[in-house]
Structure formats: C-alpha cells, structure tokens
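Chains as they are written, first to last, in this note's numbering: chain D, 1 to 495; chain A, 496 to 598.
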C-alpha cells in the first residue's frame, strides 16, 4: 500500500481492531479508501456509484462512538462496497441496468442495515452484469470492470466489481450475490475469498431478485478470517424474508482455527475431467494440504453434478422471466411512452434491458410456455432433485468436498462476449451448489501465468463451520502471492 | 454462429417476445433465434433422462406459509415511493389507457 494508506491496517479485522482501540480514526480509514478508489477507479471501473460524503459522515459516527466509549461494532470503521443490486435507501441502485438507471430505493436491504449496524462504512455500489446475469461483468449497461491482475481480462461475474475492488485493495470487504457462482467465480478470477452461504442463512430482503430459489448474498474479503467475520454479521433470521431460515446460526469465526484433523474430505473427480491443468493442479495441491493437516482425503465421483448446468439454464431463466416482469415502466425506473399500456411496456423493456437479460427472459418464457413446461421446466426440476441426491449421497461419507471454482483463470475481455453458451460454461462447477441450496467458498491458492487460481470448498446445508475451517487450512498452505490486495497492473494499451 | 435449428425458430422468438413484452427489431429476431437454439440444444441434454419416480424440486427449502400477527406496522413513505415513478398524479401511478378509454 502506498502514500496516504501507509498507516492504515490492511484487512477488515485488523482495521476494526485498530479503530476500536482508538489507534486509528475511522475517518482516516475512509479517506484512505476513497483516495485509493479515486486513484484506480478510472482504470478498473469497480464502482457504479461512490458515496464519499456519506462514507465520511458514517466514519465520523463511528469515531464519535469510540470517543464516547460506546461499542462501535465488530466491523468498526471497515470500508465496505455493496454490489449494485442491493437496495440502499436514497442511494442510486441500478442492478447494472438502464431500466433502473437513477433509481433511488425507498428502503435498505437487510444486509445493508446489518453491516452498518456492525460499524462498517459503505463507500459505494459495485458494478455487475445486468441483473446479475453473466460471468464476466461485461453485461453491465455501464461498461465492464477490469481485472486488477491484468486489465485486459475480465474480473469474472456477476459480482465482478466487488471482487476487483477487494483484489485491488480499494476496500477490505464487499458484498455480492451468488445465483450460480456469481460470488465464487469472480473471487477465484481475482484472487480473493468469496463465499455463498446456505440458502436462507442470509436475508434476501432488498436484494433485487434474479432467480429467487437460487439467489444468496455472500461476502468477499482478502482472507478467510475477514470473510468469516462478515458472514457472522450478515447471517441470521429476518422476518422480512419469508425464505429466511429460523435456525440458530453458530458464528464461524470463533472456531475458525480449530483445524481439520479427522475431517473427511472428498475431491470431486467429475470436476477435474475438463478443468484446465492449472486449476486441477491447484485442487490436488490443496487436497494434499488438507491431508497433511490431518484430514482424510479421498476422490469421489458424483456424476449427477454434471447435469446441474443444463438444469440451471432452464430453472434460472424461468424464475428470471417471472421476477423481471415487474419492470413495466409503471412504478419505478425507465418508461418509454407507447400508444397504450402494452405498447409502453414493450418499448420500455426493449430499451431498458440489454441482450443477455432479453435472452434469459425469452428462454424462461419459452420453457414455461404451454406445451413445453413439463418437457423443459418440469424435467429440470426433477434433475435438480438428482443433483441434490448426488450431494446427499456424498455427504454421507464426507464432511466437505473440494474442487475447482472455475474451469479456467480469468479470460480476456471480449473472448466470450458473442457466445453466450461458452460464457455459461464458466459456472459449471459453481452451479450445483445453488441448485442444492448448499454453502461453498472459493479460496485463492496458486498462480498460473501470473493469474490467480481459486479452490472451492463445498459443504452440506448449514455446514459453514467445517467448510470455513477447511478453507482456513487451505489458505495457510496457499501461495501468498496468489491473493489480493495487490497493486493493480497498469493498463498496457489504452483501449 | 450455429445455424437456427428447430429447437428455437424465428417464430418462437416472435411468440415469446410478445408474451414477455419485448419489442424486438427484425435483426434481433434472427440473432436471438440462433443464440437461443444453441443454448436450448445444449441444455436439452436433460430432457432425455429417465426421471420416472424422481420428484421435482422447486426450491431448496420446504416452503411453508409464514404468518405474523395481524397488527398494523409501518409502511414505505408514499411520497418517497411515488417520487421514483416515471409519472405520478394525485397520489397515484399514472399509466397510459388500458382499455382504450380516454386518458
């Protein structure tokens, strides 16, 4: 870290500790984060909105609490970035879409309230693929985000802005959403930790819906411990979300360092067949790290997981076509006038949605239409059961599973932009987890030709504790050069 | 770009675009037909599987109705909500005519 940031601790827990102890003021931390955003934002485009004034005011509030002897919260003064599909009252929330350009939500998402209550300082809203549909952040209506490791490459997606912001050291924490891998895949491509919680563990209230049976909000951080601390803050029952789990959640942070002695670890062999050699090597090396730490490691074949991608691209578009029906030009966002209400709807939606969103709405409408419903959507739901059963059988013998997060390292901007199917295959190893409603986390492990490679740890529903302990062990055995925060590489050529 | 197959024809695109209230340009129809056919051909792999006796999963959780006591609570501020509407009038959303009557 350079210049003004010299005295600011690196990482969320270190920052919160220093702020709580009065060693550094939250305002200094916020000013340093805002300065670093200012330095790199033009090149990386991580943010759709930077809330500098509000961040400084929030930081002053934290400092006032510290000065008055009040508890400023476990994330006191820690800058955090929010994916721009999380509603923030009075702060523009776009979901990366022209159809919501300039929209000021009248309420905060529950996770936003949770992080603010914990003392975190919101610095802005991060770029994403439109309505979280994509794996590269190129589908944003506001232009792509660039990967800090190589600005010619994508950061992954759809939460690419959040992943890149943490990787570039602009913020120690960020929130994203993961419907088919949209936290874990960009985490892998950017060399940071990204985690998708058990379905229902984190409230979806105020998350702009994409596919409601799959969407979960999850944390990004540079380290496993920081990600665990953020999960502990956002997890918990919320009466405002009817799918919120009413179970007691045991925070993962207190037992994070208890190790993996005796833990039964399955290496998913189906995920190694087609992944790139560097991704396969990372998984095997991470499995060795777990084995040396006392885990019992075996390979396991779960062929049903390979059906997940096809089922997902029937289920997710079907749910999206229903959820996005609300953008009708009446209550919020864009309206393009037409001769009657139907004409207004059609013109508004055509002008407001980008190509990928239109594709998924049409695909979803098709698979739900009369004559095709059972052959496509009904069958996909039955295949979803097969995926869940595949996991259930494996979890009778294993506590956690490991595999690659992404089949490849970060690809070049534009490489898959004209081939939607090739883009979809980026999520081959992350999707089954969403179909089953399970948790999974991507941990940076190694470098391949200067680009980070992540390893994924998967667990059964509410298995976050063991999953995070395994992730912490893998992190200790990983190449420390393979993770953020890094000094972003300069753009080689003006593009 | 793969050829348009029977799995997603031009007519299918026109039909679902109308259902989904998307006004497409003629050039878009051909592009989407080709792309959607390619996607559907890939995902259709699952349609051939024997899933006799496999129940469908609509949701990862066993969903049940969530009820609360029927007591008044706070609501969103009407003016704040209407301020975000493209057109509002007299405390309501304003829309074009629906049944052909005069606005």
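We put the beta carbon where it would ideally sit given N, CA and C, even for glycine.
Verify the CB distance criterion: does residue i have a CB-CB separation below 8 Å to chain D?
i, result
"residue 551 of chain A", "yes"
"residue 572 of chain A", "yes"
"residue 533 of chain A", "yes"
"residue 575 of chain A", "yes"
"residue 508 of chain A", "yes"
"residue 505 of chain A", "no"
"residue 542 of chain A", "yes"
"residue 511 of chain A", "yes"
"residue 565 of chain A", "no"
"residue 529 of chain A", "no"
Does the separation of the CB atoms of residue i and residue j fall below 8 Å?
i, j, result
"residue 101 of chain D", "residue 93 of chain D", "no"
"residue 453 of chain D", "residue 409 of chain D", "yes"
"residue 207 of chain D", "residue 109 of chain D", "yes"
"residue 390 of chain D", "residue 304 of chain D", "yes"
"residue 106 of chain D", "residue 88 of chain D", "no"
"residue 515 of chain A", "residue 342 of chain D", "no"
"residue 62 of chain D", "residue 77 of chain D", "yes"
"residue 439 of chain D", "residue 463 of chain D", "yes"
"residue 236 of chain D", "residue 556 of chain A", "no"
"residue 407 of chain D", "residue 386 of chain D", "no"
"residue 333 of chain D", "residue 344 of chain D", "no"
"residue 348 of chain D", "residue 357 of chain D", "no"
Under a Cβ-count criterion, where at least 16 other Cβ atoms within 10 Å of its own Cβ denotes burial, should residue i be classed as buried or exposed?
i, result
"residue 317 of chain D", "buried"
"residue 511 of chain A", "buried"
"residue 569 of chain A", "exposed"
"residue 431 of chain D", "buried"
"residue 593 of chain A", "exposed"
"residue 476 of chain D", "exposed"
"residue 245 of chain D", "buried"
"residue 21 of chain D", "exposed"
"residue 127 of chain D", "buried"
"residue 238 of chain D", "buried"
"residue 563 of chain A", "exposed"
"residue 82 of chain D", "buried"
"residue 143 of chain D", "exposed"
"residue 192 of chain D", "buried"
For residue i, write down the residues that DSSP places opposite it in a beta bridge.
i, result
"residue 518 of chain A", "DSSP, once it has assigned bridges, lists no residue as partnering residue 518 of chain A."
"residue 264 of chain D", "D/296"
"residue 587 of chain A", "A/584"
"residue 178 of chain D", "D/216"
"residue 153 of chain D", "D/412"
"residue 49 of chain D", "D/125"
"residue 441 of chain D", "D/195, D/457"
"residue 401 of chain D", "D/266, D/458"
"residue 80 of chain D", "D/122, D/173"
"residue 54 of chain D", "Paired residues: none, contrary to the question."
"residue 452 of chain D", "D/447"
"residue 202 of chain D", "D/235"
"residue 221 of chain D", "D/173, D/193"
Since residue i contacts residue j with CB under 8 Å, what's their CB separation in whole angstroms?
i, j, result
"residue 289 of chain D", "residue 262 of chain D", "Wrong, their Cβ atoms sit about 16 Å apart, outside the cutoff."
"residue 130 of chain D", "residue 97 of chain D", "5 Å"
"residue 197 of chain D", "residue 169 of chain D", "Actually they are not in contact, since the Cβ atoms of residue 197 of chain D and residue 169 of chain D sit about 25 Å apart, beyond 8 Å."
"residue 136 of chain D", "residue 157 of chain D", "5 Å"
Nearest chain A C-beta to residue i closer than 8 Å, yes or no?
i, result
"residue 433 of chain D", "no"
"residue 496 of chain D", "Nothing can be reported for residue 496 of chain D: it is not among the residues displayed for chain D, which extend from 1 to 495."
"residue 110 of chain D", "no"
"residue 358 of chain D", "yes"
"residue 450 of chain D", "no"
"residue 49 of chain D", "no"
"residue 300 of chain D", "no"
"residue 149 of chain D", "no"
"residue 376 of chain D", "yes"
"residue 340 of chain D", "yes"
"residue 85 of chain D", "no"
"residue 460 of chain D", "no"
"residue 106 of chain D", "yes"
"residue 269 of chain D", "no"
"residue 197 of chain D", "no"
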